[in-house]
Amino acid sequence: MFRLGVFSLFIIFLFAFSVGAQEALELTGERLQYRLGEEEVVVYEGKVSYKDISLTADYIHIFLEKKELEAEGKVVVERGEEGARAEKAYYNWEMDWLSLEKVRSDLTGKSIEGKFYFRGEEVKEEKVDGERKTEVEGAHLTSCDLEEPHYYIEAKRLVIYPDEKVEIYDLSYWDFGHRLLSLPFYVFFLNRKEQLPFLPVVGHSADLGFYFSYFYNYFVNDYSFGTITLDWWQHGGWGLGVTHYLEREGEEGRLTIYYRDPASSSSTLRGSVKYSKEVDEFTDLSLNLDYSGTLGEADDRYSGFISLLRAKDKSTSKLNLSYSANESSNTENLYTTWNYQYKLRDDLTGELNLNYKEYEKRGEFVDQDLAYGVTFKKTSDLYTYYLRYSGHTDLEGDAYTGDSNKVVFKIPELEVARGKEKIGESDFTYKAGLLLGHYFEEETGVIDERLRLTLNLEGKSEVGGGDLTSFFNFQQDFYGNGFARYIWLGGIKWVDEISPDLSLTLSYQRGDYDGATPFKFDYVRPRTNYLSLGLDYDRSPWGVSLDTGYDFREEEFVDALFSIEYNLEDNKKVELSGSYDINDNEWGSVVFGIAWPMNKEWGIDFSGRWDPQEGEIDGVRVGLTNDLHCREISLFYDQSRDTFWLEYGIKALPGEKIKLGG
């Protein structure tokens, strides 16, 4: 055993020398054999590790000069948190290329609950343009953990991009002992909650009769793919659409076009484009375009948005351009905003804002407005200073008087803000500020000065065994015309765990003001004087919550809200929630829901709403579900729509259901 350990260390040193400046191969095994002159090593019941990959097998043959190895017999390959079992393996550590035969492994992702298991005749893994890609020939895929799975997908070829997507070619879906369908191509995303549709959707609508939707997923290359959608309604005509995706590093896009030919009206067309791109390391571009219209009619609607952001060295610039047009109303709208920031010093920043608006009703008027603003910001240890100047001009010279763009001119405004600071050694903090400006309110024509002083206090403490948080905000305004006004708002919140299962929350908030302001933009919210109470009880299997309050200004109680949950193991659950009008002594509507397995295979869901005043139950929805181990099939009835439908789904894909009816 001592000789084996020494020999293992010698081999590791030899590999480190062979690999050179790169990371060394690490090798251990029950028996090692080095073939002098051939630059080969044979390992029996051994393990090879290189960077983030490790391989164990009964027999490993290493070719040092080629930087390759062959392995067979109980092969296990692991890379990070991913792993696979195989009968044979071939690996080139210089190219980071891996090939496996007779493979078993699993997949997971954001849209998967649990795991998907797959096996393949041959697996090849390599890096393409810096992205790792795995190809599986002769694939078998399922989420069923039985040796003979209830359902599975067969495919001639899988292409797996870890944590991104799985491309499936020439697939067949088997269930209930039969092949239910075949598709030439399908994309399954690992990084999304929603998937592209898998099967045709068939159902019935009270308005449109029977309907049918078919989806065909096409694939151009690794980063360009899409879905063609065909819809048919018995009483609603048909529709055809295309959604194309572009997804690669630094660039994303989506194009959607949909043509609808209704049975009793003119055909319509709508489309949209969403695109974003990293132009270079300093510049980002985003684009949105939308169109809708009826063929043969002048009701076209267009809209577009372009945004360009550039940040380099000490400056940041952002340009937004928005345009919309409506042919039926003969109107056009154009909005442009430009924001430019420049860091003059480490503690001093300048900012320029320009906002241009043009609204045109063809043949009647054109309204053109330009709002502008300049801001300087200076920071220090405790204080931050702002100097602002802003205004607005009517570029068309008041030719149009229906302007909706009313601006408050700041000519200028100075703000001094002190950072939050603790009061002594307590858990309370204070923050003070000053705002002084000369203003012109365009809407009312008022010109005046205003000095605003602010003080904000907040803190926390322990009172009566509970946690108490409190705040108090005070604002004093002085105006040049002699007006003055103060505003204050304060509140406390006390939370106490009466027991490990029961907690109490009490809060009180009050706000008031006195005085007057000459400006409309300076109006404040109404006075407040409000007390609230909350109780929460949580002890398995029960969960109960109650919330209510009292408005002292209105001298009335706020409706009490309650919820009750009863949860048992095996997915047994009862929920009840509603409200009670304390002032009128009346119950509001009560919403209920029951989920209750009847045995290992069957379960029922029942939900609805009870109106105590009318004595009626409505909104009833009933579901009967058959648990098929890794799949489930459900029959639903919805009272509000007076309709039945059937749903079939795979448990590992909770967001994907095949629906018939409804």
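Heads up, our numbering is the position in the sequence shown plus 8, with the first residue counted as 1.
Even for Gly, the Cβ is constructed at its ideal location relative to N, Cα and C.
Remember, it's a predicted structure, so these values are computed and weren't measured experimentally.
So, Trp105 versus Glu133, is the Cβ gap smaller than 9 Å? For the purposes of this step, residue 105 is taken as residue 97 along the sequence shown, with counting starting at 1. For the purposes of this step, residue 133 is taken as residue 125 along the sequence shown, with counting starting at 1. Yes, they are a contact pair.
Using the beta-carbon count (16 or more within 10 Å), is Ser642 buried or exposed? On the sequence shown, residue 642 is found 634 positions in, with the first residue counted as 1. By the neighbour-count criterion, in which a residue is buried when 16 or more other Cβ atoms sit within 10 angstroms of its Cβ, Ser642 is buried.
Please name the residue in Gln376, Ser315, Asp321 whose C-alpha comes closest to that of Glu6. Residue 6 is absent from the structure shown; the chain starts at 9 and stops at 670.
Evaluate contact between the region 476-494 and the region 517-527, counting only Cβ atoms and requiring at least three cross-stretch pairs below 8 Å. Flag = yes, the region 476-494 and the region 517-527 touch.
So Glu121 packs on Lys659, CB below 8 Å; how close in whole Å? Here residue 121 corresponds to residue number 113 of the sequence shown, with the count starting at 1. Here residue 659 corresponds to residue number 651 of the sequence shown, with the count starting at 1. Contact holds; Cβ gap of about 7 Å.
Inter-residue Cα distance where the pair is Asn225 and Phe193: The residue labelled residue 225 in the question sits at position 217 within the sequence shown. The residue labelled residue 193 in the question sits at position 185 within the sequence shown. Their backbone Cα atoms lie some 6 Å apart in a straight line.
Span separating the alpha-carbon of Gly371 from that of Ser336: As a working note, residue 371 is residue 363 in the sequence shown. As a working note, residue 336 is residue 328 in the sequence shown. Taking the straight line from one Cα to the other gives about 14 Å.
Spatially closest choice to Ile68 from Glu38, Glu46, Asp60, Glu89, by CA coordinates: On the sequence shown, position 60 is the one that residue 68 refers to. Closest option to Ile68, Cα to Cα, is Glu38.
Which complete beta strand (DSSP E) runs does the region 207-238 hold, if anything under 3 residues is left out? Listed in chain order, they are 209-213, 217-229.
Within 10 angstroms of its Cβ, does Asp530 collect 16 or more other Cβ (buried), or is it exposed? The count along the sequence shown starts at 1 and reaches residue 530 at position 522. With 16 or more other Cβ atoms within 10 Å, it is buried.
Could you check which residue in Arg140, Asn575, Glu359, Thr237 has the C-alpha nearest to that of Thr383? Reading the sequence shown from its first residue, position 375 is the one you call residue 383. Closest option to Thr383, Cα to Cα, is Glu359.
Sorted by chain position, which residues of the same chain lie with C-beta nearer than 6 Å to Tyr645's C-beta, five sequence neighbours on each side aside? Counting from 1 along the sequence shown, the entry for residue 645 is found at position 637. Sequence-distant partners of Tyr645 (beyond 5 residues in either direction) whose C-beta falls short of 6 Å from its own C-beta, in its chain, are Val630, Phe652.
DSSP state of Pro508, grouped into three classes? The residue you call residue 508 lines up with position 500 of the sequence shown. Residue state, collapsed to three classes: coil.
To which residues does DSSP link Gly122 through a beta bridge? The sequence position of residue 122 within the sequence shown is 114, counting from 1. Its beta-bridge partners do not exist; DSSP assigns none.
Quick one: complete beta strand (DSSP E) runs, 3+ long, within the region 339-399? The region 339-399 contains these whole beta strand (DSSP E) runs: 339-353, 356-369, 373-387.
Considering Cα atoms alone, identify which of Lys418, Leu476, Glu470 is closest to Glu457. One-based indexing of the sequence shown puts residue 457 at position 449. That would be Lys418, whose Cα lies nearest to the Cα of Glu457.
Nearest-angstrom Cα distance between Val167 and Val195? Indexing the sequence shown from 1 puts residue 167 at position 159. Indexing the sequence shown from 1 puts residue 195 at position 187. For Val167 and Val195, the distance between alpha carbons rounds to 10 Å.
Can we say the region 592-605 touches the region 577-584, given the rule of at least three CB pairs closer than 8 Å? These segments touch.
Which residue from Tyr52, Tyr58, Gly54 puts its Cα closest to that of Ala32? Taking the first residue of the sequence shown as position 1, residue 32 is located at position 24. Ranked by how close their Cα comes to the Cα of Ala32, the residues Tyr52, Tyr58, Gly54 have Tyr58 in first place.
Give me the DSSP bridge partner(s) of His158. Along the sequence shown, one-based indexing puts residue 158 at 150. According to DSSP, which records beta bridges pairwise, His158 is partnered with nothing at all.
Over what stretch of residues does the beta strand (DSSP E) that includes Gln647 continue unbroken? In the sequence shown, counting from the first residue as 1, residue 647 sits at position 639. No beta strand (DSSP E) holds Gln647; DSSP gives it neither H nor E.
For Pro192, three-class secondary structure by DSSP: Counting from one through the sequence shown, the residue named residue 192 turns up at place 184. Reduced to three states, the DSSP call for Pro192 is strand.
Quick check: the Cα distance between Asp355 and Arg396, rounded to an integer number of angstroms? Against the sequence shown, residue 355 aligns to sequence position 347. Against the sequence shown, residue 396 aligns to sequence position 388. Looking at the two C-alpha atoms, the distance is approximately 17 Å.
Could you check what DSSP says for Thr251 in three-state terms: helix, strand or coil? On the sequence shown, position 243 is the one that residue 251 refers to. Strand.
Go through its chain and collect everything with a Cβ distance to Trp604's Cβ below 7 Å, but skip five positions before and after it. Locating residue 604 in the sequence shown gives position 596, where the first residue counts as 1. Counting only Cβ-Cβ distances below 7 Å, and skipping sequence neighbours, we find Lys580, Gly611, Ile612.
If you reduce the DSSP assignment to three classes, tell me which class Asn591 lands in. Residue numbering aside, residue 591 sits at position 583 when the sequence shown is read from its first letter. Judged by DSSP in its simplified three-state form, Asn591 adopts coil rather than helix or strand.
Ignore the nearest five residues each way along the sequence and tell me which others in Lys351's own chain have a CB closer than 7 Å to its CB. Indexing the sequence shown from 1 puts residue 351 at position 343. Answer for Lys351: Lys322, Thr357, listed in chain order.
Answer yes if the region 468-478 comes into contact with the region 439-446, meaning at least three C-beta pairs across the two stretches below 8 Å, and no otherwise. Judged by Cβ distances under 8 Å, the region 439-446 makes no contact with the region 468-478, as fewer than three pairs qualify.
Ordered list of beta strand (DSSP E) runs contained in the region 483-535, each at least 3 residues: Secondary structure in the region 483-535: the beta strand (DSSP E) runs of 3 residues or longer, each lying completely within the stretch, are 492-505, 510-523 in chain order.
Backbone CA spacing between Phe18 and Gly117 [nearest angstrom]: Here residue 18 corresponds to residue number 10 of the sequence shown, with the count starting at 1. Here residue 117 corresponds to residue number 109 of the sequence shown, with the count starting at 1. Its pLDDT being 41, under 50, Phe18 is placed unreliably in this model, and the value from its coordinates should be taken loosely. Rounded to whole angstroms, the gap between the alpha carbons of Phe18 and Gly117 is 42 Å.
Since Leu35 and Val56 are thought to touch, with beta carbons under 8 Å apart, how far apart are those beta carbons, to the nearest angstrom? Locating residue 35 in the sequence shown gives position 27, counting from the first residue. Locating residue 56 in the sequence shown gives position 48, counting from the first residue. The Cβ separation is near 5 Å, so the contact holds.
Could you check which residue in Leu297, Ser275, Val287 has the C-alpha nearest to that of Thr264? Along the sequence shown, one-based indexing puts residue 264 at 256. Measuring from the Cα of Thr264, the nearest candidate turns out to be Leu297.
Per DSSP, what are the beta-bridge partners of Trp604 in this structure? Taking the sequence shown and counting its residues from 1, the one referred to as residue 604 is at position 596. In the DSSP secondary-structure assignment, Trp604 is bridged to Ile612.
What is the DSSP secondary structure of Asn579, reduced to helix, strand or coil? As a working note, residue 579 is residue 571 in the sequence shown. If DSSP states are grouped into helix, strand and coil, Asn579 belongs with coil.
Label Pro170 either buried or exposed according to how many other C-beta atoms from any shown protein chain fall within 10 Å of its C-beta, with 16 as the threshold for buried. Locating residue 170 in the sequence shown gives position 162, counting from the first residue. So Pro170 counts as buried.
Backbone secondary structure at Phe184 - three-state DSSP: Residue numbering aside, residue 184 sits at position 176 when the sequence shown is read from its first letter. Annotated three-state conformation of Phe184 is coil, per DSSP.
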